[in-house]
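There are 2 protein chains.
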Amino acid sequence: MKTELLTILRETDGYVSGQSLCEKFGVSRTAVWKGIRQLKEAGYEIEAVQNKGYRLVSVPDLLSEYELKSIRKTEWAGQEICCYPVVDSTNTRAQQLAEDGYPDGTLVVAEQQDAGKGRRGRGWESPRGSGIFMTLLLKPGISPANASMLTLVAALAVSAAVTEQTGQPAGIKWPNDIVMNGKKICGILTEMSAQFDYINHVVIGIGINVHNESFPEEISHMATSLFLETKRRFHRAALIESVLERFEHYYAVFQKTEDLGALVREYDARLVNMHQNVRVLDPKEPFDGKAMGITPRGELIVDTWESRRLVSAGEVSVRGVYGYV
Amino acid sequence: MKTELLTILRETDGYVSGQSLCEKFGVSRTAVWKGIRQLKEAGYEIEAVQNKGYRLVSVPDLLSEYELKSIRKTEWAGQEICCYPVVDSTNTRAQQLAEDGYPDGTLVVAEQQDAGKGRRGRGWESPRGSGIFMTLLLKPGISPANASMLTLVAALAVSAAVTEQTGQPAGIKWPNDIVMNGKKICGILTEMSAQFDYINHVVIGIGINVHNESFPEEISHMATSLFLETKRRFHRAALIESVLERFEHYYAVFQKTEDLGALVREYDARLVNMHQNVRVLDPKEPFDGKAMGITPRGELIVDTWESRRLVSAGEVSVRGVYGYV
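Structure (structure tokens):
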């Protein structure tokens with residue numbers, strides 16, 4: 001009942017009478033009172049006024065199923081939500097849930113990861129309560145050869161959501177890092193289980209640094225958090241909801257053609273490398289050039305002094321000739 | 326000690342004295358006698374003659390770690406072996422072992438699968454003791470885009486191993502079914518877990534129908550077993566070992582260029598569709614043509630009356646215009 005109570009309290013501008021809650025849910029006053037008490041214990045500030053009813057004053061920065069569901073506006077993303085205080089890795093957990101039959105759109109959220117995964121077997125710092133550690137499970141009916149583009153779809157969603165929620169531009173460092181003022185605030189790790197012509201499932205892990213007040217010295221030159229960049233605190237559930245809504249939007253566009261054709265302009269507009277000098281760290285032969293945006297397949301277009309080259313996401317790293325981005 | 330005992334008994338043409346076994350292993354006569362007894366209990370026929378020693382007379386058709394290890398000649402495939410009486414699916418089990426850190430080359434074998442997996446979410450009939458249900462775990466340092474070719478490498482290995490062991494040609498129906506006299510004796514299911522530029526692991530599941538004396542009516546027109554085709558019984562461990570040895574060989578060739586360039590001729594020689602009329606079941610527009618072999622990327626070359634077309638493995642099904650193959 002906590003989800004429903006919260007939903008009504010949130011939707012109501014003013015007081016909700018205990019009587020109307022009883023009628024709505026077909027339960028006793030005691031049951032309503034008990035639900036309200038549980039919410040208060042969880043950190044929700046709820047004012048109770050004689051003859052008026054209940055009013056939601058403030059909400060805690062809580063990642064619970066009922067908090068997420070009470071603000072949910074998505075159609076399929078996050079219809080199933082699994083929240084954990086601690087997991088090894090939200091991607092690993094989501095993969096297990098996929099094997100157990102959890103549906104397309106299942107969302108996994110954790111307050112802390114003990115073995116958060118980064119790219120190529122590296123780790124991802126995931127201290128308790130500091131950020132968003134979420135994974136979206138997809139079972140897309142697309143070709144495995146097109147699945148790598150999903151990570152760019154996710155980058156678009158996070159860039160748009162963070163920009164909207166914070167009011168500060170959060171750009172994309174190709175292919176899928178999200179940066180603010182030149183430092184990374186979000187990493188995305190897409191993993192796929194596939195037969196050679198058939199996707200079993202895809203998990204898109206998104207780690208956003210929200211409340212971190214500092215970073216270990218070895219990464220502090222390139223990592224930052226929303227708090228460090230804005231000096232403000234953000235409600236993580238609202239940010240997650242915003243990411244999911246935007247992911248649904250971009251994913252629907254992607255699915256029409258199974259490529260990024262209709263998203264290239266927006267991606268390029270968010271691309272911090274755009275028209276910047278970049279060094280392409282091709283293991284065979286690194287080269288410098290100017291980034292000119294992406295192709296409909298998600299490749300980075302790099303103009304060198306002699307030719308135009310296309311760089312496949314993941315084959316190589318790209319960095320700005322000056323500094324991190 | 327069973328592995329070592331068996332290895333010596335196998336290697337010896339004649340009798341091995343109890344005394345030499347004691348010295349070899351540095352154990353007592355009782356310990357040797359105990360090991361021999363355990364092997365006898367498992368079904369090995371071992372003759373014991375006063376003053377001569379032990380002689381291996383016959384071996385059971387057993388899929389145990391020590392049986393497989395005692396005949397092993399591979400370099401890396403099957404260095405780690407996990408045998409089970411029953412599993413849900415050897416592919417699923419191998420994927421779990423991969424997550425738990427089991428190495429490249431780990432072999433999973435089961436006497437029975439409760440939920441054997443076929444292509445595209447279909448099942449695979451896996452009754453107890455009837456066949457080979459094995460999965461080879463790989464952690465290849467290749468691009469995910471090239472992983473689908475591994476399933477053709479596996480098809481080559483099985484085709485060669487079955488042909489060698491049975492003395493009857495077992496051809497390949499593109500891309501990766503193994504057929505004898507026009508009916509399927511083996512299916513291969515390759516699954517991959519990958520980041521978009523990095524393979525976590527690949528599992529290659531191989532199911533070979535060995536002892537089956539009949540099949541359910543709905544598949545009996547297209548499925549067969551080694552027993553049904555040859556009226557002979559085969560030793561499954563020897564067949565597994567042969568598959569692994571040949572896989573090692575073809576895999577080494579594949580890895581040099583990360584494609585099938587150097588294997589095209591041999592693959593085409595084993596291809597039952599070669600120079601046959603085929604129907605390509607392209608969901609958009611099926612078409613007929615003549616199969617002309619594969620490309621170095623594993624695509625099937627199909628000549629229609631107006632043009633040459635390349636068919637990607639997995640995108641479509643291909644069947645002979647007449648009958649199953």
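Protein chains in written order, with our numbering: chain Z, 1 to 325; chain G, 326 to 650. Cβ coordinates follow ideal geometry from the N, Cα and C atoms, glycine included.
For S345(G), the enclosing alpha helix (DSSP H) begins and ends at 343 to 350. A direct Cα-Cα distance of roughly 51 angstroms separates E125(Z) from L596(G).
Any Cβ of chain Z closer than 7 angstroms to the Cβ of E610(G) would place that residue at the interface, and such an atom is absent.
In terms of Cβ geometry, E392(G) and V382(G) do not form a close pair [threshold 7 angstroms]. When the beta-carbon positions are compared, P60(Z) and G43(Z) come within less than 7 angstroms of each other. Rounded to the nearest whole angstrom, the C-alpha separation of K73(Z) and S545(G) is 51 angstroms. Against chain G, the beta carbon of S148(Z) has neighbours under 7 angstroms at F521, listed in chain order. Interface annotation, M517(G): in contact with chain Z, CB-CB separation under 7 angstroms. Take I204(Z), set aside five residues on each side of it, and the residues of its chain with a beta-carbon closer than 6 angstroms to its own are L136, A154, T190, in chain order.
In this structure, the straight-line span from the alpha carbon of S89(Z) to that of I208(Z) is close to 14 angstroms. With fewer than 16 other CB atoms across the displayed protein chains lying within 10 angstroms of its CB, R335(G) is exposed. Any Cβ of chain Z closer than 7 angstroms to the Cβ of T415(G) would place that residue at the interface, and such an atom is absent.
Only residues of its own chain outside the window of five on either side were considered, and among them M505, E554, T555 have a CB closer than 7 angstroms to the CB of Q493(G), listed in chain order. In its chain, beyond the 5 residues on either side, S353, R354, V357 have a beta carbon closer than 7 angstroms to the beta carbon of C347(G).
The C-alpha of E164(Z) lies about 37 angstroms from the C-alpha of P283(Z). Non-local beta-carbon contacts of G78(Z) in its own chain, meaning distances under 7 angstroms to residues more than five positions away in sequence, involve L68, R72, G105, L107, L244 in chain order. The beta carbons of Q437(G) and R453(G) sit closer together than 7 angstroms. P296(Z) places its beta carbon less than 7 angstroms from that of L260(Z). Given a length threshold of 3 residues, each whole run of the beta strand (DSSP E) inside the stretch 115 to 153 of chain Z is given here in chain order: 131 to 138. Residue-level contact by beta carbon holds for T151(Z) and chain G, with a gap shorter than 7 angstroms. The three-state reading of DSSP puts D386(G) in coil, since its state is none of H, G, I, E or B.
With the rule of 3 Cβ pairs closer than 8 angstroms, the stretch 291 to 307 of chain Z does not count as touching the stretch 186 to 200 of chain Z.
Residues of the same chain with a CB within less than 6 angstroms of the CB of H536(G), apart from the 5 flanking positions on each side, are S455, F552 in chain order.
Note that the C-beta distance between V158(Z) and I142(Z) is not below 7 angstroms. Neighbours of R119(Z) in chain G, taken as residues at a C-beta separation under 7 angstroms, are given in chain order as Q520. Burial state of V16(Z) is buried, judged by a 10 Å Cβ sphere holding 16 or more other Cβ atoms. Residue environment analysis places R561(G) among the buried positions, since at least 16 neighbouring C-beta atoms fall within 10 angstroms of its C-beta.
E191(Z) is bridged by DSSP to V203(Z), Q520(G). Under the three-state reduction of DSSP, N277(Z) is assigned to strand.
A direct Cα-to-Cα measurement between Q96(Z) and V87(Z) gives close to 12 angstroms.
Neighbourhood of L514(G) in chain Z, by CB distance below 7 angstroms: Q195, in chain order. Judged by DSSP secondary structure, Y409(G) falls within the beta strand (DSSP E) whose first and last residues are 406 to 409. When DSSP reads this structure, E370(G) sits in a beta bridge with S383(G). Scanning chain Z for C-beta atoms nearer than 8 angstroms to the C-beta of N525(G) yields E191, reported in chain order. Here N91(Z) carries a helix assignment [DSSP, helix/strand/coil].
Apart from sequence neighbours up to five positions away, the residues of its chain that approach T417(G) with a beta-carbon distance below 8 angstroms are A440, K442, ordered along the chain.
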